[in-house]
Amino acid sequence: MKRFLKINGLILGLSIAGLVISCNAEDMVEESELIKVSNATAISPNDMVGQWDLSQMIADAPVDLDGDDQSSTNLLDETSCFNTMNITFFNDGTFNTNNATMSFEEGAGNNEFSCISSRMDGGDWEVRNDSLILTMMIDTYMYTHKKAINMQANTFGFDVTKIESDQYVDDPGNTQASEIRILELGYTRAE
């Protein structure tokens, strides 16, 4: 029996775990380039307006989705399923997001998955201090998510926890993705 682990772009982008940009030595930005950081300065709506493309999806557990025997915590290194994910914030307080979905099959081959077509979602957004608040309808249910965000010159990020993702994910419990408890999603301003 197949059960689906739906990794919804923004919902995996905005729902598999919480909001914080993950930085390593290559990602470090000089403080002079830093616009605002959570808990330091309020982020204004003007900082968010525009299109943002998913640039990293860091899991707290490494996976080998592409079967190359090299696991990675960055899911974008493991599959192209999320390549089209993005979010656009409009001046009128609405947003659109292109989400990606994957399905996992339960059983011995716990790395068997397929990419399912992208879907568009939309809703309302606002920022309060260092928090992004998204309200959206998914499968006839209204969801409101308040996420603390980290923002730099051309990037922002947030975490999505396993508890939050349970609203959107049906995981059979024995897949590579079952061990993921938090995803750190990073978005880069589209040029």
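Numbers -25 to -1, 1 to 166, taken from mature numbering (1 follows the signal peptide of the UniProt record, and there is no 0), label the letters of the sequence shown in order. We put the beta carbon where it would ideally sit given N, CA and C, even for glycine. Only a predicted model underlies this, so the values are computations on that prediction, with no experimental measurement involved.
Using three-state DSSP, classify residue i as helix, strand or coil.
| i | result |
| --- | --- |
| M23 | helix |
| D35 | strand |
| I108 | strand |
| A17 | coil |
| A123 | strand |
| D28 | strand |
| E101 | strand |
Count the other CB atoms, across all protein chains shown, that sit within 10 Å of the CB of residue i; report buried if there are 16 or more and exposed otherwise.
| i | result |
| --- | --- |
| N61 | buried |
| N73 | buried |
| D105 | buried |
| I33 | buried |
| E159 | buried |
| M95 | exposed |
| M23 | buried |
Considering only the beta carbon of each residue, do residue i and residue j sit closer than 8 Å?
| i | j | result |
| --- | --- | --- |
| Q31 | N58 | no |
| L40 | Q151 | yes |
| T110 | I91 | no |
| residue 172 | T63 | Look at the range of the chain in this structure, -25 to 166, and you will see that residue 172 is not part of it. |
| I155 | A36 | yes |
Checklist entry - Counting pairs of Cβ atoms below 8 Å between the stretch 158 to 166 and the stretch 126 to 141, do you hit three or more? => result Segments in contact, yes.
Checklist entry - For the 8 Å Cβ check, are there 3 or more pairs between the stretch 61 to 70 and the stretch 92 to 106? => result The stretch 61 to 70 is in contact with the stretch 92 to 106.
Checklist entry - Does the stretch 118 to 125 come within contact of the stretch 31 to 48, defined as at least 3 CB pairs closer than 8 Å? => result No, they do not touch.
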